[in-house]
Amino acid sequence: MAQIPARKCGFCNNVVAALYCEDCHQTLCFECRQNVHDKVPFLQDHKVANIQKEGNRVFRPHPVCETHKNRFLYYCSKCECLICAECMTSNHNEHKTEKMKNVADVCRQTVKLIVEKINSKVGIVQKKLETIDREFSVQIKSDCESYVAMVTKTTRQLHEITDRYKRIHLTTASDFEDIEKHDLERKKAFFKRRHDETKDRLLKFENLLQETHDSTFLTEWKALRTDVQMNDEETEDQLFGPRRIKSFNQQIFTRSIIDDIDEKFQMRLSREVEEKEKKVNELLEENDKLKIELKERQQQEFSK
Numbered sequence: 002m003a004q005i006p007a008r009k010c011g012f013c014n015n016v017v018a019a020l021y022c023e024d025c026h027q028t029l030c031f032e033c034r035q036n037v038h039d040k041v042p043f044l045q046d047h048k049v050a051n052i053q054k055e056g057n058r059v060f061r062p063h064p065v066c067e068t069h070k071n072r073f074l075y076y077c078s079k080c081e082c083l084i085c086a087e088c089m090t091s092n093h094n095e096h097k098t099e100k101m102k103n104v105a106d107v108c109r110q111t112v113k114l115i116v117e118k119i120n121s122k123v124g125i126v127q128k129k130l131e132t133i134d135r136e137f138s139v140q141i142k143s144d145c146e147s148y149v150a151m152v153t154k155t156t157r158q159l160h161e162i163t164d165r166y167k168r169i170h171l172t173t174a175s176d177f178e179d180i181e182k183h184d185l186e187r188k189k190a191f192f193k194r195r196h197d198e199t200k201d202r203l204l205k206f207e208n209l210l211q212e213t214h215d216s217t218f219l220t221e222w223k224a225l226r227t228d229v230q231m232n233d234e235e236t237e238d239q240l241f242g243p244r245r246i247k248s249f250n251q252q253i254f255t256r257s258i259i260d261d262i263d264e265k266f267q268m269r270l271s272r273e274v275e276e277k278e279k280k281v282n283e284l285l286e287e288n289d290k291l292k293i294e295l296k297e298r299q300q301q302e303f304s305k
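First residue of the sequence shown? That's 2 in this note's numbering, and the numbers climb one at a time after it.
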């Protein structure tokens, strides 16, 4: 709480004031209140506040009727506004009115419920922030470290081709971790902002509950209704865990390497097959020639 400047008693002007009469607009010491102020019958019903307890709020000017410049005394239920004595006989004549304190007491109960609701929301968001820090960050790091360890163990047994696949998968893990960490930081920033906004809203209503003067309370309460509506209309923000990196599939990894190696060897085998086929074709052609020659010889011998 901000430091309250010392003020002297408005009656004796000697002692530091400890009280403030909201109706007289005068500071008082305990002795002057007892011996002077409260001795006057029509002053006994005045509202006297403790300066140390209430703080600087006691010195704030209280709202007055803008039309008649008088203190508010009642609450018009029909118009939903504070009114003074002159208002009752003019603009609000025959309107249903209530005592300001009764309306303020009802509104205070509403504010208490709002404070409880917002306080609960603050707790929920706080837990989500803790989940991000304590679980999800560790989860991402743990998953990616396991993935990298498995990749490293597998690629250690291979040569040039395996090194290339190792780089591919390590980059996959690194990119995944960067993306998920960035997304996690975005979520954290969002819930931190939501946490701060909700905390600020809670502080407004907690401060409102500290207001003891009914007209000031109702005026500020009316100004905060937009916050109430915003709070009621806000939907619960879901916190979803980070994506889980797909488990490292050793079989697919090895198969890819084998296929790559096989592709290179297939090229060599293809050349060998082509050479063998060429030789076979040459042998077939030679065989055909021999058959023709044999047939011609047989015909010649037959003709003799």
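Backbone N, C-alpha and C define an ideal beta-carbon position, used for all residues, glycine too.
Source: prediction; values computed, not measured.
N-terminal and C-terminal residue of the alpha helix (DSSP H) that residue 220 is part of = First-last of the alpha helix (DSSP H) with residue 220: 215-224.
Rounded to whole angstroms, how far is the Cβ of residue 232 from the Cβ of residue 202, which I believe are closer than 8 Å?
-> Residue 232 to residue 202, Cβ: 6 Å. Contact.
Would you give the residue range spanned by the beta strand (DSSP E) that residue 100 belongs to?
-> From DSSP, the beta strand (DSSP E) with residue 100 extends over 98-100.
For residue 165, which option in 12, 258, 105 and 26 has the closest C-alpha, if you only look at C-alpha atoms?
-> Taking residue 165 as reference, the option from 12, 258, 105 and 26 with the minimal CA-CA separation is 258.
From which residue to which residue does the alpha helix (DSSP H) around residue 28 run?
-> That residue, residue 28, is in no alpha helix (DSSP H); its beta strand (DSSP E) goes 27-29.
Simplified DSSP assignment, three categories, for residue 19 | Residue 19 falls in the coil class under three-state DSSP.
7 Å CB neighbourhood of residue 262 in its chain, flanking five on each side removed | Only residues of its own chain outside the window of five on either side were considered, and among them 162 have a CB closer than 7 Å to the CB of residue 262, listed in chain order.
Nearest neighbour of residue 49, chosen from 72, 67, 24 and 40 [CA to CA] | With distances taken between CA atoms, residue 49 lies nearest to 24 out of 72, 67, 24 and 40.
Assign residue 2 to buried or exposed, taking buried as 16 or more other Cβ atoms, counted over all protein chains shown, within 10 Å of its Cβ.
-> Here the model assigns residue 2 a pLDDT of 44, short of 50, so the residue's position is not dependable, and the following value carries that caveat. Exposed, by the Cβ-count rule.
Cβ neighbour criterion (16 or more within 10 Å) applied to residue 199 | Per the 10 Å Cβ criterion, buried.
Would you call the CB atoms of residue 86 and residue 52 closer than 8 Å?
-> No. Outside cutoff.
Only counting runs of 4 or more residues, tell me where the alpha helix (DSSP H) segments fall wholly within the region 135-169, in order along the chain.
-> Complete alpha helix (DSSP H) runs here, min 4: 138-156.
DSSP on residue 308, reduced to helix/strand/coil?
-> Lying before the first or after the last residue shown, residue 308 is absent from the chain, which here runs from 2 to 305.
Residue 44 vs residue 132 beta-carbon contact at 8 Å | 8 Å or more divides the Cβ of residue 44 from the Cβ of residue 132.
Using the DSSP secondary-structure output, state which residues sit across from residue 9 in a beta bridge.
-> DSSP output for residue 9 lists 17 as bridge partner(s).
Beta-carbon contacts of residue 229 that lie in its chain and below 7 Å, excluding the five residues immediately before and after | For residue 229, where only same-chain residues beyond five positions count, the Cβ hits under 7 Å are 115.
Looking only at its own chain, which residues have a Cβ that is under 8 Å from the Cβ of residue 243, when we skip the five neighbours before and after it?
-> If you ignore the 5 residues before and after residue 243, its C-beta comes within less than 8 Å of the C-beta of 137, 140, 141, 181, 184 and 185, all in its own chain and listed in chain order.
Residues near residue 8 by beta carbon distance below 8 Å, same chain, minus five either side | Within its own chain, the residues whose Cβ lies closer than 8 Å to the Cβ of residue 8, once the five positions on either side in sequence are excluded, are 17, 18, 28 and 52, listed in chain order.
On the DSSP bridge assignment, give the partners of residue 190 in chain order.
-> In DSSP, residue 190 forms no bridge with anything.
Using a C-beta cutoff of 8 Å, does residue 211 count as contacting chain B?
-> Judged by its chain identifiers, the structure shown contains no chain B, having just a single protein chain.
Relative to the C-alpha of residue 65, which residue among 216, 238 and 264 is closest?
-> Closest by alpha carbon: 216.
Contact test: residue 9 Cβ vs the ligand ATP heavy atom, cutoff 7 Å = The ligand ATP is not among the ligands present in this structure, which contains no ligands whatsoever.
Rounded to whole angstroms, what's the CA-CA distance from residue 14 to residue 193? Just pull it up for me.
-> Rounded to the nearest angstrom, the two C-alpha atoms are 51 Å apart.
Below 8 Å on the Cβ atoms is my guess for residue 210 versus residue 113; work out the distance and round it to an integer in Å.
-> Contact between residue 210 and residue 113 holds: their C-beta atoms lie close to 7 Å from each other, under 8 Å.
Just mark residue 144 as buried or exposed, buried being the case when its beta carbon has 16 or more other beta carbons within 10 Å.
-> Buried, by the Cβ-count rule.
Residue range of the unbroken beta strand (DSSP E) whose run includes residue 88 | Note, residue 88: premise wrong, no beta strand (DSSP E); alpha helix (DSSP H) at 86-89.
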